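Below: the structure, in structure tokens.
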Amino acid sequence: MSAKRTAVGLVLIISLSGIAAWAQGLPSAPPESVGMSAQRLARIGDAFKKEIDQGKLPGAVFLVARKGKLVYSEAVGFQDKDAGKPIAKDSIFRIYSMTKPIVSVAAMMLVEEGRIQLTDPVSKYLPAMKSLNVSVAKADAEFAKVAYTQVPAEREMTVQDLLRHTAGLAYGEITQNAPVKEALGKAGIYKSAIDYDARDLAPAEEIERLARVPLAHQPGTVWDYSLASDVLGRVVESASAERLADFLDKRLFKPLKMNDTGFWVPRDKINRLAVPLPTDINSGKPNNLIDVSAVPANDSGGAGGVSTAADYLRFTQMLLNGGQLDGARVLSRSSVALMTSDHLGTRISAPVTPGELLLGVPGYTFGLGFAVRQGPGVAGVPGSAGEFMWAGYAGTYFWVDPKEEIAAVYMTQAPSPIRAYYRKLFKQMVYSAIAD
């Protein structure tokens with residue numbers, strides 16, 4: 005081993021030994037002991053420092069575990085650049101859509117207890133969602149435009165539809181169905197001034213308003229990224245008779261020692277909240293993120309969560325372990341396997357596939373809360389068949405690769421249109437460090 009490589013390894017070992025307590029007990033190990041290169045992992049921080057120095061990102065935290073051992077941990081850049089405050093490994097981030105896998109796990113807990121079945125109609129728990137209409141587009145050749153009409157839903161959406169985003173629901177921020185977008189705006193569920201923020205609506209009011217909005221697709225026919233996880237959170241509340249935040253705190257966060265994860269940041273932790281750059285250098289638009297300093301009217305299962313890199317790594321390691329971590333079992337191995345299987349098949353279309361949405365690459369289908377890789381090729385970014393992942397609007401990203409026994413988390417606060425680039429950059433550099 006070269007002197008340079010030895011030095012890098014020693015620095016990393018010292019760093020890892022000092023963060024064992026911070027990482028909530030996830031054991032650390034030298035990368036080489038689990039078949040990874042310390043020198044190659046160190047390239048990750050170097051690559052991202054260049055982006056930060058160019059003003060493209062505020063700061064980022066990276067964690068990589070292999071075979072249950074933490075092998076790479078680094079924080080680069082700023083938690084608050086304007087204030088000159090460096091980012092820390094315990095900085096708290098708005099995770100937006102990385103809340104979705106968490107609420108999906110909550111739903112599967114209730115499935116295991118027999119309180120929910122995947123094939124249950126959503127109206128069993130939320131009666132207002134029973135008789136919905138669908139906004140159907142029809143091309144008008146004579147006037148060269150698209151007209152819309154409403155028809156009754158051919159069947160009810162199910163809990164499985166919510167978990168796999170085939171319920172026919174939409175996001176006002178991204179749907180191309182004009183009447184649906186307009187109706188979501190009038191309902192106060194979509195706000196043009198700030199993306200993915202309907203946390204000012206009480207749960208019952210949110211569902212009552214959403215039930216008046218037409219669906220964008222017939223349930224069970226199209227994979228369309230949507231408000232489904234928010235509705236799933238309301239289902240969890242109905243089936244458990246608990247507020248979503250309370251259910252998750254008791255059943256998931258406390259058992260997994262995810263001490264900084266929730267739906268708002270308490271006053272005594274607000275100084276750890278990561279701040280985006282005022283303006284995105286790539287789009288020129290201001291970075292407006294949700295206010296997580298106060299208790300929301302509803303806990304958004306689709307976009308409302310906050311967490312740290314260490315907390316989320318524990319969540320991903322639990323999934324990699326088949327539903328348990330450090331003696332705390334959250335799900336059965338069979339439930340994790342079901343969640344990370346293909347639930348789209350050939351019967352459900354996906355005009356924009358999950359991988360294209362998150363990474364700008366094909367090669368992924370969708371399970372119950374996760375994008376799932378279909379094979380080692382096609383995607384144009386390293387990975388293995390059966391790998392599962394998801395990401396968040398503000399740039400955050402994670403994936404779990406059961407074949408390589410890797411769990412990795414990337415946290416930042418940069419809702420940039422090129423966030424897929426940074427996710428791919430991190431991922432390809434992790435895989436390049438595999439040395440066994």
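Residues in the sequence shown are numbered consecutively from 5, following this note's numbering.
Glycine included, every Cβ here is placed at the ideal spot set by N, Cα and C.
Bear in mind the structure is a predicted one, so any value in this text is a computation, not a measurement.
| query | result |
| --- | --- |
| Cβ-based burial, residue 243 [other Cβ within 10 Å; buried from 16] | buried |
| Identity of the residues DSSP links to residue 142 by a beta bridge | 151 |
| Assumed close pair residue 374, residue 105 - CB separation to whole angstroms, cut-off 8 Å | 6 Å |
| The segment 227–238 touching the segment 171–188, judged by at least three CB pairs closer than 8 Å | yes |
| Stretch pair the segment 209–227 + the segment 137–156: three plus CB contacts closer than 8 Å | yes |
| Spatial distance of residue 383 from residue 326 (CA atoms) | 25 Å |
| Spatial distance of residue 439 from residue 122 (CA atoms) | 41 Å |
| Distance, residue 177 Cα to residue 381 Cα | 31 Å |
| Beta-carbon gap between residue 160 and residue 126 smaller than 8 Å | yes |
| Residue from 360, 376, 65, 377 whose Cα sits closest to the Cα of residue 425 | 360 |
| Presumed contact (8 Å Cβ cut-off) between residue 352 and residue 162, rounded CB distance | Contact flag wrong, Cβ pair sits at about 13 Å. |
| With 16 other Cβ atoms within 10 Å as the buried cut-off, status of residue 292 | exposed |
| Exposure label - residue 158; buried when at least 16 CB within 10 Å | exposed |
| Length of the line joining the Cα atoms of residue 272 and residue 266 | 14 Å |
| Nearest neighbour of residue 88, chosen from 49, 63, 154, 240 [CA to CA] | 63 |
| Within 8 Å, strictly: CB atoms of residue 329 and residue 260 | yes |
| Residue 49, enclosing alpha helix (DSSP H) - first and last residue | 42–57 |
| Under the three-state DSSP convention, the category residue 135 falls into | coil |
| Close-in-space but distant-in-sequence residues of the same chain around residue 129 (CB under 7 Å, 5 per side omitted) | 239, 242, 243 |
| Cβ pair residue 76, residue 65 closer than 8 Å | no |
| As assigned by DSSP and simplified to three states, the class of residue 78 | strand |
| Nearest-angstrom Cβ-Cβ length linking residue 340 and residue 297, presumed shorter than 8 Å | About 34 Å; that fails the 8 Å criterion. |
| Buried or exposed by the 16-neighbour rule on C-beta atoms within 10 Å, applied to residue 427 | buried |
| Closest residue to residue 101 among 258, 421, 399 (Cα-Cα distance) | 399 |
| Nearest residue (CA-CA) to residue 180, options 230, 263, 393 | 230 |
| Strand pairing of residue 120, partner residues [DSSP] | According to DSSP, which records beta bridges pairwise, residue 120 is partnered with nothing at all. |
| Beta-carbon proximity list for residue 212, same chain, < 8 Å, skipping 5 on both sides | 132 |
| Whole-Å CB distance - residue 393 paired with residue 319, under 8 Å assumed | Between residue 319 and residue 393 the Cβ distance is about 13 Å, and since that is not below 8 Å, they are no contact. |
| Buried or exposed by the 16-neighbour rule on C-beta atoms within 10 Å, applied to residue 421 | exposed |
| Cβ shell of residue 196 (< 6 Å), same chain only, five flanking positions each side left out | none |
| As assigned by DSSP and simplified to three states, the class of residue 130 | coil |
| Contact check, residue 387 vs residue 405, beta carbons under 8 Å | yes |
| C-alpha distance - residue 300 paired with residue 134, whole-angstrom precision | 27 Å |
| Identity of the residue in 169, 317, 52, 184 nearest residue 356 by Cα | 169 |
| Cβ neighbour criterion (16 or more within 10 Å) applied to residue 84 | buried |
| 7 Å CB neighbourhood of residue 143 in its chain, flanking five on each side removed | 150 |
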